[in-house]
Amino acid sequence: MNKPKALYIHIPFCKHICGYCDFMKVKYNAELADVVLARINADLALLQGPFKTIYFGGGTPSSLSNKQLMTLKPNLMRLKALDCEMTMEVNPETLTQAKVETMVELGVNRVSVGVQAIQSHLLRYLERQHSYEDVLHVLNLLRQAGITNVSFDAMYGIENQTLADFEATLQAFVDAEVDHVSLYALTIEPNTKFARMNVQPVDNELEGQFYELASNFLQAHGYEHYEVSAFAKNKRYSAHNLAYWHYDDFIGVGPGAASKVGNVRTTNSGNLHHYLNQTHLISEQVVLDDEDLLFEHFMMGLRLSEGIDIKALSKKLKVDVFLKHKVALQKGIEKGWLVPEGDQLKTSTQGRLFLHDVLLLFMP
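Take any residue in the sequence shown, note its place counting from 1, add 681, and you have its number in this note's numbering.
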């Protein structure tokens, strides 16, 4: 078995907790962050590289101080491949020139910026702590430091957000000449402030209109819609996320981080006490059977515009996928959700919009 080439590092700290977010995170505290980073570094020390991709997610990794970030440098220098894509998620209000210089010293060469919208009333509603002027300032800092591979996040389905608002946000991204855009529908997750406030999601029809607007608009401006929620120019795909979507193995370090090696998926405890004291360190471990593996290949691969090579998948899993899922494939094709092209099976635009329904066809 080949060693995993993708490494995810979860930094669970945020300067401010947004009302819609359900990721594993806590309010930033310098002393607690020092302790968590010591645990993360101890875990990283056990790994062997090289990793082709390293991804810092959170939380907000850029909420750490420069000194705290630098504690990761020895492990990162040892673990990263020479051509490693190293991504860090950032919020605009947490970046300074000094912090960007620290990121470069660590080897960060790709940055994902949590923009979400350009309209101040929508940013306030989402409890974001930045303005779009802050975003442009950060983009300038990154480019001056030599980080030109930048992705912007855009959110849709926000209360009182119009289609015109969303198009204006996308137009601003195009004008900023970023090479990657990721889309996120606002979902109301349990145990979030928005859920406690009984915030209601927009209806499915309007959500579909937002999505189709984004797909058509960004493709018209030269972006490739290479994955359900991701668009890239100049082939600047997210190599790390492609590892997930191609169902490659990956390692996750940090509280709440997940790993998949072979047919075993493990998730670290999101409880900081358990994580730091290594009691109940693993919150979940799942051994995937053949049915699970086949379904998860569909779940990940159908997100991509390139689709799935069914012949190669059949060979890999030692099962005739065409025969096993003959009825499901016929239904998906009849509904216009699935498009067969030789050995490739792809989702149509409608198929990507209704991907949940598509996947139900293949559920074990």
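Even glycine gets a Cβ: it sits at the ideal position worked out from N, Cα and C.
Can you give, in chain order, each stretch of the alpha helix (DSSP H) that sits fully within the region 904-987 and has at least 4 residues? Segments of the alpha helix (DSSP H) lying fully in the region 904-987: 920-926, 953-958, 971-982.
Is the separation between the beta-carbon of Ile828 and that of Val785 shorter than 8 Å? Yes, they are a contact pair.
Check each candidate in Thr777, Val716, Asp973, Gln778 and name the one with the smallest Cα separation from Thr752. Taking each of Thr777, Val716, Asp973, Gln778 in turn and checking the Cα distance to Thr752, the smallest one comes out for Val716.
Rounded separation between Val771 and Asp834 - CA only: The alpha-carbon atoms of Val771 and Asp834 are separated by roughly 11 Å.
Three-state secondary structure (DSSP) at Thr1030? Thr1030: helix per DSSP, three-state reduction.
Ordered list of beta strand (DSSP E) runs contained in the region 725-790, each at least 3 residues: DSSP runs (the beta strand (DSSP E)) wholly in the region 725-790: 732-739, 761-771.
When the distance is taken between beta carbons, is Asp860 closer than 8 Å to Tyr913? Note on residue identity: the sequence assigns Ala, not Tyr, to residue 913. Result yes, Cβ atoms of Ala913 and Asp860 sit closer than 8 Å.
I'd like the list of long-range same chain contacts for Gln800, defined as Cβ closer than 6 Å, with 5 residues on each side in sequence excluded. Within the same chain, Gln800 has close Cβ partners Asp846.
Backbone CA spacing between Leu1019 and Ile692 [nearest angstrom]: A straight-line Cα-Cα distance of about 38 Å links Leu1019 and Ile692.
Residue burial classification, Gly903 (beta-carbon count within 10 angstroms, cutoff 16): By the neighbour-count rule (16 or more Cβ atoms within 10 Å), Gly903 is not buried but exposed.
Using a Cβ-Cβ cutoff of less than 6 Å, which residues in the same chain neighbour Ser896 once the five nearest sequence positions on both sides are dropped? Excluding residues within five positions, the ones whose Cβ falls inside 6 Å are His906.
For Leu820, tell me which candidate among Gln810, Tyr709, Ser832 has the shortest Cα-Cα distance. The residue with the shortest Cα to Cα distance from Leu820 is Ser832.
Comparing alpha-carbon positions, which option in Lys684, Leu817, Phe976, Lys706 lies nearest Phe694? Ranking Lys684, Leu817, Phe976, Lys706 by Cα distance to Phe694 puts Lys706 first.
Pull up the DSSP beta-bridge partners for Ala853, would you. Residue pairing for Ala853: DSSP places it in no beta bridge.
Looking at Leu718: is its Cβ nearer than 8 Å to the Cβ of Ser743? The answer is no: Cβ separation not under 8 Å.
Residue range of the unbroken beta strand (DSSP E) whose run includes Asp834: Bounds of the beta strand (DSSP E) holding Asp834 are 830-837.
For Ser908, count the other beta carbons within 10 Å of its own beta carbon; 16 or more makes it buried, fewer makes it exposed. Which is it? What sits at residue 908 in the sequence shown is Glu, not Ser. Around the beta carbon of Glu908, a 10 Å sphere encloses 16 or more other beta carbons of the protein chains shown; the residue is thus reported as buried.
Closest Cα partner of Ala723 within the set Val1039, Val942, Val934: Nearest option by C-alpha distance: Val934.
Contact the region 981-991 vs the region 920-927: 3+ CB pairs below 8 Å: Segment contact: the region 981-991 against the region 920-927, three or more CB-CB distances shorter than 8 Å; contact assigned.
Since Phe732 and Lys761 are thought to touch, with beta carbons under 8 Å apart, how far apart are those beta carbons, to the nearest angstrom? Between Lys761 and Phe732 the Cβ distance is about 6 Å, and since that is below 8 Å, they are a contact.
Along the beta strand (DSSP E) that carries Glu1054, what are the first and last residues, could you check? Only positions 682 to 1045 of the chain appear in this structure, which leaves residue 1054 out of reach.
Three or more beta-carbon pairs under 8 Å between the region 1027-1042 and the region 960-973, yes or no? Counting Cβ pairs under 8 Å, fewer than three are found: no touch.
For the pair the region 993-1013 and the region 869-876, tell me if three or more CB-CB distances fall below 8 Å. The answer is no - the region 869-876 does not touch the region 993-1013, with fewer than three Cβ pairs under 8 Å.
Buried or exposed for Pro936, going by 16 or more other Cβ atoms inside 10 Å? Pro936 should be labelled buried.
Which class does Leu688 belong to by DSSP, given the choice of helix, strand or coil? DSSP places Leu688 in the strand class (E or B) of the three-state scheme.
Where do the N-terminal and C-terminal ends of the alpha helix (DSSP H) with Leu894 fall, by residue? Segment 885-901, the alpha helix (DSSP H) holding Leu894.
What first and last residue would you give for the beta strand (DSSP E) that runs through Leu864? Membership of Leu864 in the beta strand (DSSP E) is indicated by the continuous run 861-866.
In the structure shown, what three-state DSSP assignment does Ser793 receive? For Ser793, the three-state secondary structure derived from DSSP is strand.
Check whether Ser746 and Ala779 have beta carbons under 8 Å apart: Contact check for Ser746 against Ala779 fails: the beta carbons are separated by 8 Å or more.
What span of residues does the alpha helix (DSSP H) with Glu814 cover, start to end? Per DSSP, Glu814 belongs to the alpha helix (DSSP H) from 813-825.
Under 8 Å between C-beta atoms of Ile932 and Leu728: At the C-beta level, Ile932 and Leu728 come within 8 Å of one another.
Give me the Cα-Cα distance between Asp884 and Val796, rounded to the nearest whole angstrom. Here the C-alpha atom of Asp884 lies approximately 23 Å from the C-alpha atom of Val796.
Just to confirm my understanding: we take Leu844, look at its own chain, exclude 5 residues before and 5 after, and list those with CB closer than 8 Å. What are they? Cβ neighbours of Leu844 beyond the five flanking positions: Gln890, Phe891, Leu894.
Same chain only: Cβ atoms within 6 Å of Thr1030, ignoring 5 sequence neighbours per side: Apart from sequence neighbours up to five positions away, no residue of its chain approaches Thr1030 with a beta-carbon distance below 6 Å.
Can you tell me whether DSSP reads Phe694 as helix, strand or coil? In the three-state reduction of the DSSP assignment, Phe694 falls in the strand class.
Quick check: Leu804 and Tyr837, are their CB atoms within less than 8 Å of each other? The beta carbons of Leu804 and Tyr837 sit no closer together than 8 Å.
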